[in-house]
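**Student:** Under the working numbering, read the sequence shown as residues 2 to 428, first letter to last.
For each residue, glycine too, the CB sits at the ideal point set by N, CA and C.
Treat the numbers as computed from the prediction; the structure is a model and nothing was measured.
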Amino acid sequence: MTELKPRWGQPITGIISLVCFTLIAWVLWYIFSDPRGFVKAFPYPFVMYLAMMILVGLWQHMFCGDWPFENLSQPLRGVVETVVNLALTWFVIHIVFYKILGLGFNFLSQDNLNALASSGALAPDIATKFAEANAKNLFGQRAVVCFVLIGFFTYPVVSILFAKWPVRPSDLKQPMAGLAEIGWCSLITLFFYTALIVPFWGMIYGKAFGSSIGISLPWWNGISGISHVHWVFGWWEWMIVALFMTANVWRMKPWSSITLPQPLKGLVSFFCIVVIGYVMAIICVKLAPLWLGDSFHHIQVKDASGAVDAAKTAAEQTRFLWYHAAEVAGFTLIPFLAWHHYFDDMVPMAVDSWAGFWFRTAGVMALCIINYIFFYYIGWGQWGLGNPHWDHKFVHGESLVWNFWWIIPLLWNEWFFHKWPFYVHKH
2 MTELKPRWGQ PITGIISLVC FTLIAWVLWY IFSDPRGFVK AFPYPFVMYL
52 AMMILVGLWQ HMFCGDWPFE NLSQPLRGVV ETVVNLALTW FVIHIVFYKI
102 LGLGFNFLSQ DNLNALASSG ALAPDIATKF AEANAKNLFG QRAVVCFVLI
152 GFFTYPVVSI LFAKWPVRPS DLKQPMAGLA EIGWCSLITL FFYTALIVPF
202 WGMIYGKAFG SSIGISLPWW NGISGISHVH WVFGWWEWMI VALFMTANVW
252 RMKPWSSITL PQPLKGLVSF FCIVVIGYVM AIICVKLAPL WLGDSFHHIQ
302 VKDASGAVDA AKTAAEQTRF LWYHAAEVAG FTLIPFLAWH HYFDDMVPMA
352 VDSWAGFWFR TAGVMALCII NYIFFYYIGW GQWGLGNPHW DHKFVHGESL
402 VWNFWWIIPL LWNEWFFHKW PFYVHKH
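1) Using 8 Å for Cβ pairs, my map puts tryptophan 239 next to glycine 278. What's the rounded Cβ distance?
2) By DSSP's criteria, leucine 5 is part of a beta bridge. Which residues make up the other side?
3) How close, in whole Å, do the beta carbons of phenylalanine 64 and isoleucine 214 come, if the pair is a contact with beta carbons under 8 Å?
4) Can you tell me whether leucine 293 is buried or exposed, with buried defined as 16 or more other CB within 10 angstroms of its CB?
5) Since phenylalanine 98 and serine 110 are thought to touch, with beta carbons under 8 Å apart, how far apart are those beta carbons, to the nearest angstrom?
6) Per the DSSP calculation, lysine 303 is bridged to which residue(s)?
7) Is arginine 143 buried or exposed, if buried means 16 or more other CB atoms sit within 10 Å of its CB?
8) Grouping DSSP H, G and I as helix and E and B as strand, with all else coil, what is proline 264?
9) Quick check on the DSSP output: the alpha helix (DSSP H) that includes glutamine 111 runs from which residue to which?
10) Which ranges does the alpha helix (DSSP H) cover as unbroken runs of at least 4 residues, wholly within the segment 325-409, from first to last along the chain?
11) May I ask you to verify whether the segment 379-389 touches the segment 22-35, counting CB pairs closer than 8 Å and requiring at least 3?
12) For phenylalanine 70, report the span of its alpha helix (DSSP H) as first-last.
13) Measuring only the C-alpha atoms, how far is valine 329 from alanine 122?
14) CB glycine 203 to CB tryptophan 323, shorter than 8 Å?
15) Using CA coordinates, which residue listed in Ala116, Gly398, Leu173, Leu368 is at the minimum distance from glycine 382?
16) Which two residues bound the contiguous alpha helix (DSSP H) that contains serine 160?
17) So, at 7 Å on beta carbons, what are the nonlocal neighbours of histidine 435 in its own chain, with the 5 sequence-adjacent residues on each side left out?
18) Measure the C-alpha to C-alpha separation of threonine 23 and valine 365 and round it to an integer number of angstroms.
19) What does the alpha-carbon distance come out to for the pair threonine 247 and phenylalanine 271?
20) Identify whether alanine 316 lies in helix, strand or coil by the three-state DSSP scheme.
21) Under 8 Å between the Cβ atoms of glycine 105 and asparagine 113?
22) Starting from histidine 231, trace the alpha helix (DSSP H) both ways and give me its first and last residue.
23) Pop quiz: valine 302 and aspartate 295 are said to be a contact at Cβ under 8 Å. What is the actual Cβ separation, rounded to whole angstroms?
24) Smallest Cα separation from isoleucine 300: which of Phe337, Asn222, Asp392?
25) Does the beta-carbon distance from isoleucine 17 to phenylalanine 423 come in below 8 Å?
26) Just the C-alpha distance for alanine 134 and glutamate 317, rounded to the nearest angstrom, thanks.
27) Rounded to whole angstroms, what is the Cα-Cα separation between phenylalanine 395 and isoleucine 374?
28) Leaving aside the five residues before and after phenylalanine 297 along the sequence, list all residues of the same chain whose C-beta is less than 6 Å from its C-beta, in chain order.
29) Among Tyr45, Leu29, Val48, Pro46, which residue has its Cα nearest to the Cα of phenylalanine 39?
30) May I ask you to report which of helix, strand or coil DSSP gives phenylalanine 429?
31) Counting along the chain, where does the alpha helix (DSSP H) carrying phenylalanine 192 start and finish?
32) Taking the C-alpha atoms as reference points, what is the distance between valine 233 and tyrosine 45?
33) Grouping DSSP H, G and I as helix and E and B as strand, with all else coil, what is leucine 293?
34) When you compare each of Leu173, Tyr156, Ser160 to phenylalanine 192 by their alpha carbons, which one comes out closest?
35) When DSSP labels each residue in this structure, what does glycine 38 get in the three-state scheme?
36) Under a Cβ-count criterion, where at least 16 other Cβ atoms within 10 Å of its own Cβ denotes burial, should glutamate 71 be classed as buried or exposed?
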């Protein structure tokens, strides 16, 4: 039996690998996303592709067990799986969403929306308005990103909390097992996407460009005080963090203490994580104005005469706070992923003890704060990444794009390259 061991011991292996992942992410960011770089694809379509890359990578590794490349030697296996990931990402976006799902749902196809904007088929009173809004906001790309946001939770939750029930236990081989799990999780994803995301697009196309009859409007106004989908972003992102901390630095605690059979154990864990996610988002929403200061109060909506519209300003500030809660959650990603995968959950006490659980939890939150300070107050987002809008840096939500991009080299190395060359096989 073989196991992976850090090539240079800890914490040296963790430090070297994290520095390497950061440099790789930074160089690729400069090439593809940085406004000072070459491609300048910031934030769209860059964010759409990177989000889908992570989701497709999860399908490849977590569901299909790296089939059919699992027996290739490294680094060939990692290279091949990366190429396959890029091809599948393009296929899912441009064929599955734009061409297939787009046959019935225009809002999921940027190609369809672009064609509609230039077709002359819309009524004159909305044609120009829609064309300008579509060109600026890229509604179809944003709708795909919303699907991935939901999928970041609903796809891995079956593996992490439900132990792959109902696909496992079974004698299904790959790729049948992986395809069965993708199908089952896609059903769950579509359920939550329909309930939490589609009403927002009903509002966009209904209230802004016509009358929404076939698609419902947001139902969460009375809960959040806003109709914007960023209310969902705020607590859903914290749910994602809680889910992946379960599989990483929490080492399946506290849900491993639940003795119920599946799917009851998974359901109890699931509802607990919903509560954790919403509570963490509420904490961020309530506390953020204390440190945001003038940047927060700068958020104002004015009417045609130039006077501040108090009601619309309050709604816009609330929208921002919920999205900013998602941003704060994003700053935990590298800390808990690196700590688990490349620092081996190391703590000054027993790794699997409750003391170790609380030490790592507190440590991730502390590193989240340090990460946030470095990005916003030391200015990494400006001088490091070239993010625009730095005059009111907090209000544009640009850190979340970087934090998801930053984790891709780490995930690819862990998923596809099996930690090569930072870890070695020991017999």
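**Tutor:** Walking through what the data contain:
1) 4 Å
2) His426
3) Going by Cβ atoms, the distance from phenylalanine 64 to isoleucine 214 rounds to 38 Å, so no, they are not a contact pair.
4) buried
5) 6 Å
6) Val309
7) buried
8) coil
9) 111-118
10) 334-342, 355-377
11) yes
12) Phenylalanine 70 -> no alpha helix (DSSP H), and no H or E assigned at all.
13) 43 Å
14) no
15) Gly398
16) 157-161
17) Limits of the chain in this structure are 2 at one end and 428 at the other, which puts residue 435 out of reach.
18) 18 Å
19) 11 Å
20) helix
21) no
22) 231-248
23) The Cβ separation is near 17 Å, so there is no contact.
24) Asp392
25) yes
26) 18 Å
27) 12 Å
28) Pro290
29) Leu29
30) Lying before the first or after the last residue shown, residue 429 is absent from the chain, which here runs from 2 to 428.
31) 177-197
32) 20 Å
33) helix
34) Tyr156
35) coil
36) exposed
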